[in-house]
Each structure stands twice: as structure tokens, then as C-alpha cells.
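Engineer: Quick one: structure below, then a few questions.
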Amino acid sequence: MKVLLVVRPDAAEKLGGDVVVAGYAHDALRALGVDADLIASTQPDLRGYDVAHVFGIFEPAFARPQIDAVRRFGTPLVVSPIWWDRTALFVASPRVERALARDARAATRAIARVRERERALVAAPGSGALRRLREQSALLAAADAVVAASEVEAFACSTGLGVTEPSYFIAHYAVEFADDDGAARAARAGVACIGRLESLKNQAVVLFALRDLDVDVTLVGRAYDERYAALCRRWATPRTRFVDRLAAEELRALFARSAVHVLASWGDLPGLVSLEAASLGARVIAGARGSEREYLGSEASYVDPLDVDGIRRAVVRALEAPPRPSGDALDRRLRARTWRRHAETLLDAYAHASGERR
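Residue numbers (this note's numbering): 87 to 444.
Listed below in C-alpha cells is the structure:
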């Protein structure tokens, strides 16, 4: 079988979880002996390929031409949606960011009001958001098989987008597990927060929540929106450090020495960096709205992206807690999920899609 994995065309300039996952999937497939290629393009050439695997319907402007190209070639299509309903993010984040431009007391009150009104705001999302959901639904419905990264994501797609017809396959993500030793787990300090600086990842609210804590906070991730980056800097303390990017070994070292990793996202699926931090012994605080809980279980803490006090409390508790013991339940859960198993599920989806097209 010859497979083409397709990611968004700006993958090199804007690295994200979708691109990282596609790379791991590509390598794992090749390790199983599959003839797999990976391309970043909206116009993939499918000549000679048995299956096309498109990663992400979250940006219809990219996914639409990719899927149209696959259909023109008549190639069986597998889609990893990497999808979550972002309506709450789209309606709430502009209000939150306006609030964070004010003084601390006013910002606290304004964010609390947004949280109180969130249900009403989401109930009337506007024509643009509804059009985007319709586009995403049509893109997913074009697939011969769907590969979700969790049962939660599959449920979200089938209910939120109304797409139940293609068969869903659950291929959980893994981590490149490289545990540190027990001694290293006892010598930890500080808070890490890894991810692109953006509204989705919610770093500005995290920094606002931690503004009066005397603790080192390291944020790693590029900012593509200078206005949002300025909000983050506004609430940083003298002990806050911003780093655009770290090499893999440097990032691993940061995880290994950090007491806590926090990513109070609006909905990660599940957030590979949270898995990586957990795999290297950090206590993890994740968002409560995505698929994080399916991966991290009861050993992590979960926070709502609009709960400023809740974020602060979770970080304080995690900093005060003893180091996680090596080989705990979270370690065992993460070790059980491998990229090989992920690739084996992909092969099941590819075989199904090929049968659907015959």
C-alpha cells in the first residue's frame, strides 16, 4: 500500500500539533513497512497512491482544496479532523482580550462577566461561525473513513458536525517516552507553559492568573499575533521568561526540571505537550474542554479557560504537591500508547477506506 499524508501548506512556517502528529504517523507507518510520503500542500498529486490521509478540517480554506484534489483523482480518502467546536473561543476571546487590556480589578470583573454570559453568547454565534461549521461538516462527510484521536473527538464530530456516516477509527496519540530517573523527579521547580502564543492556548489568562505568584514561569512558543503577545507580556512578572522555540533536547530538559506544566486551553485534542510534560514527571494542569481527560485521567488537574481563580488555585496546589513518583498510573497509561499502535489503527482505516471506494 502506498499512502500520501497531507498537511496544511504553511506547516513549515507555523508548526503545530497537527503537523507533529502527521510526522510521527508517517515515521510509524514506514517502520511498519508502509510506503508512506508526507506533503504540505493544498494541491497534492495523488498519482500512484492507494490512499490519501488529510490532517485537519479546522481551516476550510486549506482542507477544501486538499479534499477536492483527492476526489478528482478518485483516491480513497481518510481524514483526521483534529476538530473541536471553537464557537465559545471565537465569541469569548475578543471580550477577554479587551478585558486584559484594563487594570487588574476591572479585568477580573470583566472576565467573570464573560464567563457568566458564555452560554448566551454561544447560543447566538453569528452567520460566519455557522457557515464555518457547515463547511467543516461537508469536508468531513466527504471522507471514506475518519481517524479521531479520542472517543471524545469522535463524539464531538458526530454530534457537533452531524457527521455519522463514515466509520470512525480511534488512534490515540503517543509520546516519545524517555523517563528521567527518580532523583531528577525530586529536584523540580517552576512552571512551564508550551504552545504557540495565541487565544486558543490562553496564555494571557494564565499569566493574569499567576501575576502575584513568586514563581519562575517559562513560556515556549512563537507568537503570530503581536497584539496577543503584548497582552501576555503585560501580565508577565520579572520571573517570566518567553522563548520562541527550543530544540527537542532543551525542551525535554525543561520538562524534566519543571514542577508543573499548565496549558489552560480552550480545547486541546489532547495537547501533545501536556503528554510530553507528564511523561517526564511534571504535574500537569490541562484545559477541561477538550480530550485531555481521556489521556491524562485523574492524575492531572483540569481548569476552565475562563476561571482565573481556578487556574491560580490549581497551579498553587501543584507547586505544593510532592513530586510524582516514577512509574505512577499516569506513566503507565502513557507507556501503553505507542506510535506503532497508532499506525496499526491507521492501516485499519486505510483498508476500510479502500474497500469503501471499490
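All C-beta atoms, glycine included, are put in the ideal place defined by N, C-alpha and C.
As the structure is a prediction and not an experimental result, all values here were calculated from the model.
In chain order, which continuous runs of the alpha helix (DSSP H) of length 4 or greater are located wholly inside the stretch 344-399?
Structural biologist: Counting only runs of 4 or more, we get 358-365, 378-382.
Engineer: Taking 8 Å as the cut-off, does the stretch 401-421 touch the stretch 190-197 (at least 3 CB pairs, one atom from each stretch)?
Structural biologist: The answer is no - the stretch 401-421 does not touch the stretch 190-197, with fewer than three Cβ pairs under 8 Å.
Engineer: Relative to the alpha-carbon of R274, which residue among G142, V164, A363 has its alpha-carbon at the smallest distance?
Structural biologist: The option with the nearest alpha carbon to R274 is A363.
Engineer: Would you tell me roughly how many angstroms separate the C-alpha atoms of E145 and W169, rounded to the nearest one?
Structural biologist: Cα-Cα distance, rounded: 10 Å.
Engineer: Determine, using beta carbons only, whether R382 and L416 come nearer to each other than 9 Å.
Structural biologist: Position check: residue 382 holds Leu in this sequence, whereas Arg was assumed. Closer than 9 Å, so yes.
Engineer: Hey, could you find the ends of the beta strand (DSSP E) Y254 is sitting in?
Structural biologist: Y254 -> beta strand (DSSP E) spans 253-256.
Engineer: Please name the residue, chosen from L91, A240, L420, that lies closest to V107 on a Cα-to-Cα basis.
Structural biologist: The residue with the shortest Cα to Cα distance from V107 is L91.
Engineer: Could you check if R447 is buried or exposed, using at least 16 other CB atoms within 10 Å of its CB as the buried criterion?
Structural biologist: Not covered by the structure: residue 447. The range shown for the chain is 87 to 444.
Engineer: Which class does T161 belong to by DSSP, given the choice of helix, strand or coil?
Structural biologist: Coil, per DSSP.
Engineer: Quick check on the burial criterion: 16 or more other C-beta atoms within 10 angstroms. Buried or exposed for R331?
Structural biologist: Under this definition R331 is an exposed residue.
Engineer: Measure from the alpha carbon of L355 to the alpha carbon of each residue in A209, F241, L305, then state which is nearest.
Structural biologist: Comparing Cα-Cα distances from L355 to each of A209, F241, L305, the minimum goes to F241.
Engineer: Report, in whole angstroms, the separation of the C-beta atoms of I280 and L225, which I expect to be a contact under 8 Å.
Structural biologist: So it is not a contact: roughly 29 Å between Cβ atoms.
Engineer: Look at A290 and L186 and say whether their C-beta atoms are less than 9 Å apart.
Structural biologist: Closer than 9 Å, so yes.
Engineer: Going by C-alpha to C-alpha distance, which of V120, A345, R133, E380 sits closest to L432?
Structural biologist: Out of V120, A345, R133, E380, V120 has the C-alpha closest to the C-alpha of L432.
Engineer: Applying the criterion that 16 or more other CB atoms from any shown protein chain within 10 Å of the CB defines a buried residue, is A269 buried or exposed?
Structural biologist: The predicted model places A269 with a pLDDT of 45, which falls under 50 and marks its position as unreliable; any figure quoted below should be read in that light. Exposed, because fewer than 16 other Cβ atoms sit within 10 Å of the Cβ of A269.
Engineer: Which residue marks the beginning of the beta strand (DSSP E) containing D417, and which one marks its end?
Structural biologist: Note, D417: premise wrong, no beta strand (DSSP E); alpha helix (DSSP H) at 415-421.
Engineer: Looking only at DSSP bridge pairs, what is H448 linked to?
Structural biologist: Outside the modelled stretch of the chain, which goes from 87 to 444, sits residue 448, for which no answer is possible.
Engineer: Between the beta-carbon of V140 and the beta-carbon of V105, is there less than 9 Å?
Structural biologist: No, these two residues do not count as a Cβ contact at 9 Å.
Engineer: Fully enclosed by the stretch 175-257, which beta strand (DSSP E) runs are 3 residues long or longer?
Structural biologist: Those beta strand (DSSP E) runs which fall completely within the stretch 175-257 and span 3+ residues are 231-234, 253-256.
Engineer: Taking 8 Å as the cut-off, does the stretch 421-429 touch the stretch 384-400 (at least 3 CB pairs, one atom from each stretch)?
Structural biologist: No, the stretch 384-400 is not in contact with the stretch 421-429.
Engineer: Which same chain residues end up closer than 8 Å to A228 when comparing Cβ atoms and leaving out the 5 residues on each side of it in sequence?
Structural biologist: For A228, where only same-chain residues beyond five positions count, the Cβ hits under 8 Å are I153, R157, L163, V165.
Engineer: By alpha-carbon positions, which one of V306, L317, D96, R320 ends up nearest to A334?
Structural biologist: Comparing Cα positions, the closest option is V306.
Engineer: Considering Cα atoms alone, identify which of A322, R319, P391, S253 is closest to G441.
Structural biologist: Of the candidates A322, R319, P391, S253, the one whose C-alpha sits nearest the C-alpha of G441 is S253.
Engineer: Residues in the same chain with beta-carbon distance under 7 Å from A439, minus the five sequence neighbours each way, listed in chain order, please.
Structural biologist: Counting only Cβ-Cβ distances below 7 Å, and skipping sequence neighbours, we find V137, P162, L163, V164, D230, A231.
Engineer: Please classify E99 as buried or exposed, where buried requires at least 16 neighbouring CB atoms within 10 angstroms.
Structural biologist: With fewer than 16 Cβ atoms within 10 Å of its Cβ, E99 is classed as exposed.
Engineer: Inspect the beta-carbon positions of L293 and E183 and report whether they are closer than 9 Å.
Structural biologist: Contact flag unset, no.
Engineer: Let me know the secondary structure DSSP gives T304 once reduced to three states.
Structural biologist: Strand, per DSSP.
Engineer: Might you give, ordered along the chain, the residues of its own chain that have their beta carbon closer than 7 Å to the beta carbon of E251, omitting 5 neighbours on each side?
Structural biologist: Closer than 7 Å at the Cβ level, and outside the excluded window around E251, lie A227.
Engineer: Sorted by chain position, which residues of the same chain lie with C-beta nearer than 7 Å to Y110's C-beta, five sequence neighbours on each side aside?
Structural biologist: Taken in chain order, the residues that qualify are W425.
Engineer: Return the residue from the list G102, R410, E202, G373 that minimises the CA-CA distance to R282.
Structural biologist: Nearest option by C-alpha distance: G102.
Engineer: Quick check on E239: buried or exposed, where buried means 16 or more other Cβ atoms within 10 Å of its Cβ?
Structural biologist: Counting Cβ neighbours within 10 Å, E239 comes out buried, since at least 16 surround it.
Engineer: Grab the span of the alpha helix (DSSP H) containing R327 for me, first residue to last.
Structural biologist: Element bounds for R327: not the alpha helix (DSSP H) but the beta strand (DSSP E), 326-329.
Engineer: Straight-line CA distance for A178 to P411?
Structural biologist: Distance between the alpha carbons of A178 and P411 is about 38 Å.
Engineer: With a threshold of 16 other CB atoms inside 10 Å of the CB of G449, please say whether the residue is buried or exposed.
Structural biologist: As shown, the chain starts at 87 and ends at 444. That puts residue 449 outside it, with no answer to give.
Engineer: Within 10 Å of its beta-carbon, does T245 have 16 or more other beta-carbons around it, so buried, or fewer, so exposed?
Structural biologist: The residue in question, T245, is exposed, as its Cβ has fewer than 16 Cβ neighbours within 10 Å.
Engineer: How many angstroms separate the CA atom of H258 from the CA atom of R419?
Structural biologist: Their backbone Cα atoms lie some 11 Å apart in a straight line.
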